[in-house]
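Novice: For the sequence shown, full-length UniProt numbering puts the final residue at 352, and the numbers step up evenly by one.
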Amino acid sequence: NGPSVAVVGVTGAVGQEFLSVLTDRDFPYRSIKMLASKRSAGKQMTFEGRNYTVEELTADSFDGVDIALFSAGGSISKQFGPAAVEKGTIVVDNSSAFRMVDGVPLVIPEVNPQAMHGIKVGMGKGALIANPNCSTIICLMAATPLHQRAKVLRMVVSTYQAASGAGAAAMEELELQTREVLEGKPPTCNIFSQQYAFNLFSHNAPVQPNGYNEEEMKLVKETRKIWSDLDVKVTATCIRVPVMRAHAESVNLQFEKPLDEDTAREILKNAAGVVVIDDRASNHFPTPLEVSNKDDVAVGRIRQDLSQEGNHG
Ligand code: 2RA
């Protein structure tokens with residue numbers, strides 16, 4: 040029993056993660072459709088002991104599908120998302136296509152599940168649910184429990200984003216470039232316009248006239264929507280670092296009410312989906328290697344900001 044599921048973009052990095060999460064969470068599906076572009080159609084794959092043929096995504100793919108998980112880029116979501124909703128499918132979309140559209144819930148389940156109120160699987164009524172950008176999800180998983188206690192007025196975020204966020208091809212490019220550089224060969228730059236291995240650079244998203252790139256502006260806009268707080272001040276700097284998986288972030292929060300670091304640590308320890316790794320004595324804090332392939336957001340380096348009045352070293 041359980042709902043019928045479709046994974047759109049199943050051959051991509053996120054599509055593969057969708058499948059792992061279904062397994063990890065023991066998700067009780069009735070059937071599953073593996074959907075991808077024409078290029079990948081016909082590929083054979085095995086999932087949970089069953090063989091599947093990857094099917095080409097078309098407008099008819101969603102007949103009888105209860106839940107569709109989309110991660111095949113914004114244009115595919117725009118083309119097929121609404122068609123799926125018409126067929127009564129609940130679409131969970133990982134692209135940026137609908138995130139800022141009024142009436143489309145932008146949801147981090149641990150943060151604002153109430154935004155999905157009224158959306159129910161198995162009622163034959165379709166709906167679109169967007170999930171935020173990766174940088175916003177990570178940031179708000181940690182910041183929201185603190186925000187609920189002391190209200191965040193301003194947030195300064197710096198990111199250290201891994202290859203995985205740019206997809207499977209970027210991960211392959213990082214590996215290939217690392218080998219090429221070590222062998223003294225010129226690095227192949229197909230996905231990024233510059234050398235990635237042994238380097239870092241400003242995030243590859245287009246830079247806007249205000250000087251911020253689109254990745255940075257997602258943190259600004261999505262935070263406001265998810266917190267339903269148009270006044271929260273957010274500024275971000277997003278950087279791509281040569282790490283295979285798992286983004287890291289520095290998040291500096293300014294609160295309306297006082298909040299000491301011990302209280303903040305306790306709140307985070309009790310927050311759903313968050314683990315605290317904050318061992319000053321052995322200089323052990325979260326690392327990408329440690330959190331790769333895990334669901335929880337790891338938080339560490341929790342401390343008062345000495346530059347703020349009233350905080351002493
Ligand atoms: C990245 N925005 O660039 C992506 C992940 N969703 O890492």
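The beta-carbon is built from N, C-alpha and C at its ideal position, and this holds for glycine as well. Keep in mind the model is a prediction, meaning the values are calculated, not measured.
Pull up the DSSP beta-bridge partners for Lys72, would you.
Specialist: Note: Lys72 sits in a beta bridge opposite Ala45.
Novice: Have a look at the DSSP bridge pairing and note the partners of Val314.
Specialist: Looking at the DSSP assignment, Val314 forms a beta bridge with Ala337.
Novice: Any residues whose CB sits closer than 6 Å to a heavy atom of the ligand 2RA? List them in chain order?
Specialist: For the ligand 2RA, the selected residues are Asn172, Cys173, Gln200, Gly204, Ala205, Glu254.
Novice: Would you check if there are 3 or more beta carbon pairs closer than 8 Å linking the stretch 283 to 294 to the stretch 259 to 269?
Specialist: Segments in contact, no.
Novice: Does the distance between the C-beta of Met84 and the nearest non-hydrogen atom of the ligand FMN fall short of 8 Å?
Specialist: Among the ligands present in this structure, namely the ligand 2RA, the ligand FMN is not found.
Novice: Which value, in whole angstroms, describes the spacing of the CA atoms of Lys190 and Val315?
Specialist: Those two C-alpha atoms are separated by around 21 Å.
Novice: Reducing DSSP to helix, strand and coil, say where Asp132 ends up.
Specialist: Of the three classes helix, strand and coil, the one that applies to Asp132 here is strand, per DSSP.
Novice: With H, G and I counted as helix, E and B as strand and the rest as coil, what does DSSP make of Cys173?
Specialist: Helix.
Novice: Within 10 angstroms of its Cβ, does Ser203 collect 16 or more other Cβ (buried), or is it exposed?
Specialist: So Ser203 counts as buried.
Novice: Taking all protein chains shown into account, do 16 or more other C-beta atoms lie within 10 angstroms of the C-beta of Gln187, making it buried, or fewer, making it exposed?
Specialist: Exposed: under 16 other Cβ atoms inside 10 Å.
Novice: If you check the beta carbons only, do Ala166 and Val104 fall under 9 Å apart?
Specialist: No, they are not a contact pair.
Novice: For the alpha helix (DSSP H) holding Ala303, just list the boundary residues, first then last.
Specialist: Residues 300 to 308.
Novice: Buried or exposed, going by whether 16 or more other CB atoms sit within 10 Å of the CB of Pro297?
Specialist: So Pro297 counts as exposed.
Novice: Helix, strand or coil: how does DSSP classify Thr276 here?
Specialist: Strand at Thr276.
Novice: Under a three-way DSSP split, which group does Ser289 fall into?
Specialist: It is a strand residue.
Novice: Confirm, please, whether the CB-CB distance from Ile115 to Ser134 is below 9 Å.
Specialist: Going by C-beta atoms, Ser134 is nearer than 9 Å to Ile115.
Novice: Given a cut-off of 9 Å, decide if Lys72 and Glu94 are closer than it, judged by their beta-carbon atoms.
Specialist: Yes, Cβ-Cβ distance for Glu94 and Lys72 is below 9 Å.
Novice: Hey, which unbroken runs of the alpha helix (DSSP H) at 4 residues or more fall wholly within the stretch 203 to 236?
Specialist: Complete alpha helix (DSSP H) runs here, min 4: 207 to 221.
Novice: Counting only the same chain and skipping the five closest in sequence on each side, list residues whose C-beta sits under 7 Å from that of Ala181.
Specialist: Within the same chain, Ala181 has close Cβ partners Val290, Leu307, Val313, Val336, Val338.
Novice: Across the stretch 212 to 227 and the stretch 236 to 253, are there enough close Cβ pairs to call them in contact, namely three or more that are closer than 8 Å?
Specialist: A contact exists between the stretch 212 to 227 and the stretch 236 to 253.
Novice: Should Leu58 and Leu74 be called a contact, given that it needs their Cβ atoms to be closer than 9 Å?
Specialist: Taking 9 Å as the Cβ cut-off, Leu58 and Leu74 do not qualify as a contacting pair.
Novice: Going by the DSSP bridge assignment, what does Leu108 pair with across the sheet?
Specialist: The partner list for Leu108 (beta bridge, DSSP) reads Val46, Val131.
Novice: What three-state label does DSSP hand Phe119 in the structure shown?
Specialist: In this structure, Phe119 counts as helix in the three-state DSSP scheme.
Novice: What does the Cβ neighbour count give for Val60, buried or exposed, with the cut at 16 atoms within 10 Å?
Specialist: The residue in question, Val60, is exposed, as its Cβ has fewer than 16 Cβ neighbours within 10 Å.
Novice: Identify the continuous beta strand (DSSP E) that holds Leu192 and give its terminal residues.
Specialist: Its beta strand (DSSP E) spans residues 191 to 200.
Novice: Could you spell out where the beta strand (DSSP E) holding Tyr84 opens and where it closes?
Specialist: A quick correction: the sequence has Met, not Tyr, at residue 84. Here the beta strand (DSSP E) through Met84 covers 83 to 86.
Novice: Just to confirm, are Thr274 and Glu255 a CB contact at a threshold of 9 Å?
Specialist: In this structure, Glu255 lies closer than 9 Å to Thr274 by Cβ.
Novice: From this set, Ile158, Ala208, Gln347, Glu211, which residue's C-alpha is nearest Ile106's C-alpha?
Specialist: Looking at the Cα atoms, Ile158 is the closest of the given residues.
Novice: Would you call Glu212 buried or exposed, if buried means 16 or more other Cβ atoms sit within 10 Å of its Cβ?
Specialist: So Glu212 ends up on the buried side.
Novice: Hey, quick one: how far does the beta strand (DSSP E) through Arg89 stretch, first residue to last?
Specialist: Element bounds for Arg89: 89 to 92.
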